[in-house]
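Sequential numbering from 351 applies to the sequence shown in this note's numbering.
Reviewing the structure listed below.
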Amino acid sequence: MLKQQHINAKKNISLKALKVALVGNPNSGKSSLFNVLTGLNQQVGNFPGVTVEKKTGMSNFGSTKAEIIDLPGCYSVAPKSIDEEISFNVLCNPSNLDKPDVVVVVADASNLKRSLFLCTQIIDLKVPAILVLNMIDQADKKGVTIDIEALSVELGIPVVYANARKQTNIKALTEVLSQPVGVSEKTIVDVGLLSAIDFTEAKLICSVNNTYSAFAISNSPAVFLDADKVLLLELSFQKHNYNRQQVQSSEALHRYAAIGEIIKKCTSISPVSESKVHATLDKILAHRVLGYLIFLIVLFFIFQAIFTWSAYPMDLIEKGLMGASVWLTDLLPTGILANLLCRGIIPGLTGVLIFVPQIALLFAFIAILEDTGYMARVSFIMDKLMRKFGLNGRSVIPLIGGVACAVPAIMSARTISNWKERMVTIMVTPLMSCSARLPVFTLLIALIIPSDKTMWGFSSQGITLMMLYLIGLVSALLSAYLMQFFIKTKEKSYFIMEMPNYRSPRWDSIGIIMIEKVKTFVLSAGKIIVVISIMLWALSSFGPEDTFGRVEQKYSTREFRQQLSEKEILNKIAAEKLETSYTGMLGKKIAPVISPLGFDWKIGVSLITSFAAREVFVGTMATLYSVGDSENTHTVREKMAASINPITGGKTYTFAVGFSLLLFYVFALQCMSTIAVVYKETKHWKWPLIQFLYMGALAYLSSFIAYTILK
């Protein structure tokens, strides 16, 4: 019933709401404007049939309700990457369900010439459009003055200035959107004059009535036309001796010439010193030696902060949930329901919720690096290094994104136009330690390294965490170096990136990102953990009658009653029941395979369950140790720290075992979502299978070597 209501609600939105598409060059402030217009009223999904992230949001412009779509950044309607194909499809495909009623072109006012190239193309597509001159303050700092009214006359569309970061003049844009927006009567470049073909036949084949639309579709027909229509276009062009590349180059020259004339009429420039400050900063941050050192210092600070700043809120969450579990145990009558809730679900969820502060900090730092313009400099300085490993500077974005989550990071590899470099990037990105690994790392580091231990005055735990992330980065680069010899292509590689201006972070946008990412992390992991916790509790609470059912009978004898206290007997019963349960049986089946790595059967069970999502490892351990504890009054870290190896008589989680397990999670592809997205991106099961096997082999071998040396 609820599902049907949701479908009906979506239908009503699509019928009533004005569909507005935000388009613009990368780093033009498009996403900032989207956040301002929609606030927290946003949804994140995927474009139909593809795995590129689709951000939509609802907004009201007076009495007009609008659905706003934030399209991937692009420089023109001629797609050069898979990411740009999405924007091209939405803007040019007449049957696309996301085709907008109005296109808002977001332009960087400080670099108008570049932004007007895309804007004038959209004008020639004959769709209702509005030009927003964003970052007008940056233009002022560069001494650029723009005559808004003159520019509007030249383009034939409404033009407004704004500053999305400071939410300046947003009302002027919403007022324009609340009124009907017409199609420009101007034609900036008449492509019909650039070749002998008049595109009449192409318009019929493409089902459009506009010459420039037919021209744009004809140059990239395979994006959405079926094979028959693509063939018809090719035959038509052969008949007229149409040279696609020559006409595209001619269009670009004519368009830039027209833009140059428009800029002469509408802008003036006075010299300022702002650019000197940016140049000085670039000399430092983008320096070929100093740049790497600064980047390492930034990473060092981030990992120190993740451990030290989150310690207090993590402790509060953990103790609060443990207290709630004890309170419910006393409140609820003894039985299966109370046992499931207090020893299954709550411990499992606790294993994830306590890491919310660290996840929030991680995403906040990544957002700050991107928002200030620093991440683009990192891509620039890393390009030369990346090329030695078969990658390019654009590969840095997915690799750094992989620190947050491999799924969107792999999707972002669509911006890499070279097929080989894109494939290599996809294959090595999961080696970057993602946020799902962070709970595992934090728990295990806390077990083997004391919190008060320091190195050079810094937290040893923070240094260890940074080392694990660097191991992931180095292994990704080395794997990429080897893969370039196996993945072949004749495509030439290039790296072009315009450096965005340095800016102060937009704290409101960063706050929205933190809330959305944490919510996604908790909800996606929470669903899996609840299901797995219930299954684990059931499998751990029951077992074969001939062994499991006789445990209590065994400890009811006078011999045990005389030797052990009531508390000790209850603990032994709980521990032995767990070991003889169905979970214990499963763990012992795989124990021979993982024992060379120092892992016991409980770790084995956690390795299996965490394949659904790495962070489930912590929830699984919490559930297993709760079921095996008669009192359930200690945190999972305390229980694991007190765990005794029955064979050696020493602690289960020694430094050798802990470090071996850390390395296993650094390398192993314990993520179904990553496997699924790699399949969707590569369109073949071969690639995720190779990825799973080589990362699994790395995990097993590195853990075996580490445990053998350290034990």
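Backbone N, C-alpha and C define an ideal beta-carbon position, used for all residues, glycine too.
If you follow the beta strand (DSSP E) that residue 374 is in, where does it begin and where does it stop? Per DSSP, residue 374 belongs to the beta strand (DSSP E) from 368-374.
Assign residue 775 to buried or exposed, taking buried as 16 or more other Cβ atoms, counted over all protein chains shown, within 10 Å of its Cβ. Residue 775 is buried by the Cβ-count criterion.
Does residue 857 pass the burial test, meaning 16 or more other C-beta atoms within 10 Å, or should it be called exposed? The residue in question, residue 857, is exposed, as its Cβ has fewer than 16 Cβ neighbours within 10 Å.
With 16 other CB atoms within 10 Å as the buried threshold, where does residue 907 fall? Exposed.
Given residue 975 as reference, the closest of 964, 965 and 991 once Cα atoms are compared: Closest by alpha carbon: 991.
Hey, how far is the Cα of residue 686 from the Cα of residue 909? If I take the Cα positions, the gap works out to 30 Å.
Given this structure, state the Cα-to-Cα distance separating residue 387 from residue 409, to the nearest angstrom. When rounded, the separation of the alpha-carbon atoms in residue 387 and residue 409 is 6 Å.
Residues in the same chain with beta-carbon distance under 7 Å from residue 420, minus the five sequence neighbours each way, listed in chain order, please. By the criterion of a C-beta distance shorter than 7 Å, residue 420 is surrounded in its chain by 372, 380, 381, 384 and 405, once the five residues flanking it on both sides are discounted.
Can you find the residues in the same chain that come closer than 8 Å, C-beta to C-beta, to residue 1022, ignoring five residues on each side of it along the sequence? Closer than 8 Å at the Cβ level, and outside the excluded window around residue 1022, lie 961, 962 and 963.
Alpha carbon to alpha carbon, how far is residue 928 from residue 955? CA-to-CA, the gap between residue 928 and residue 955 works out to about 12 Å.
To which residues does DSSP link residue 617 through a beta bridge? According to DSSP, residue 617 bridges with 496.
Inter-residue spacing [alpha-carbon to alpha-carbon] between residue 1044 and residue 893: So the alpha carbons of these two residues sit roughly 36 Å apart.
Taking residue 722 as the reference, which of 500, 851 and 655 has the closest Cα? For the options 500, 851 and 655, the alpha carbon positioned closest to that of residue 722 is the one of 851.
Three-state secondary structure (DSSP) of residue 470: Here residue 470 carries a helix assignment [DSSP, helix/strand/coil].
Report, in whole angstroms, the separation of the C-beta atoms of residue 711 and residue 671, which I expect to be a contact under 8 Å. Contact flag wrong, Cβ pair sits at about 20 Å.
Check each candidate in 771, 1055, 430 and 521 and name the one with the smallest Cα separation from residue 837. For the set 771, 1055, 430 and 521, the Cα lying nearest the Cα of residue 837 is the one of 771.
Use the C-beta contact count for residue 412: other C-beta atoms within 10 angstroms, 16 or more gives buried, fewer gives exposed. Exposed, because fewer than 16 other Cβ atoms sit within 10 Å of the Cβ of residue 412.
Just to confirm the assignment, what range does the beta strand (DSSP E) spanning residue 511 have? Residue 511 -> beta strand (DSSP E) spans 509-511.
Terminal residues of the continuous alpha helix (DSSP H) containing residue 538? Segment: none, residue 538 is in no alpha helix (DSSP H) and carries neither H nor E.
Using three-state DSSP, classify residue 949 as helix, strand or coil. In this structure, residue 949 counts as coil in the three-state DSSP scheme.
Distance between residue 564 and residue 582 (C-alpha atoms, nearest Å): Taking the straight line from one Cα to the other gives about 13 Å.
By how many angstroms is the C-alpha of residue 811 removed from the C-alpha of residue 1047? CA-to-CA, the gap between residue 1047 and residue 811 works out to about 27 Å.
DSSP on residue 1048, reduced to helix/strand/coil? Assignment of residue 1048 by DSSP, reduced to helix, strand and coil, places it in the helix class.
Starting from residue 672, follow its DSSP beta bridges and name the residues at the other end. Answer by DSSP bridge pairing: none, since residue 672 is not bridged.
The segment 884-903 / the segment 751-766 touching (three or more Cβ pairs under 8 Å): Not touching, per the Cβ criterion.
Does the Cβ of residue 662 have 16 or more other Cβ atoms within 10 Å, making it buried, or fewer, making it exposed? Burial call: exposed.
By how many angstroms is the C-alpha of residue 486 removed from the C-alpha of residue 808? Taking the straight line from one Cα to the other gives about 43 Å.
Cβ of residue 483 within 7 Å of Cβ of residue 457? Contact: yes.
Does the beta-carbon of residue 447 have 16 or more other beta-carbons within 10 angstroms, so that it is buried, or is it exposed? Here residue 447 is exposed. Its C-beta has fewer than 16 other C-beta atoms within 10 Å.
Counting beta carbon pairs with one atom in the segment 1048-1056 and one in the segment 1006-1023, are three or more of them shorter than 8 Å? Result yes; three or more Cβ-Cβ pairs closer than 8 Å.
Residue 456 bridges to which residues according to DSSP? In the DSSP assignment, residue 456 forms a beta bridge with 374 and 482.
Could you give the residue range of the beta strand (DSSP E) that holds residue 989? Run containing residue 989: none in the beta strand (DSSP E); it sits in the alpha helix (DSSP H), 986-992.
Under 8 Å, with one C-beta from each stretch per pair, do the segment 677-696 and the segment 943-954 reach the 3-pair mark? Flag = no, the segment 677-696 and the segment 943-954 do not touch.
Helix, strand or coil: how does DSSP classify residue 688 here? Here residue 688 sits in helix by DSSP.
Would you identify the three-state DSSP class for residue 432, choosing helix, strand or coil? In this structure, residue 432 counts as helix in the three-state DSSP scheme.
Beta-carbon gap between residue 816 and residue 1014 smaller than 7 Å: If you check the CB distance, residue 816 and residue 1014 do not come in under 7 Å.
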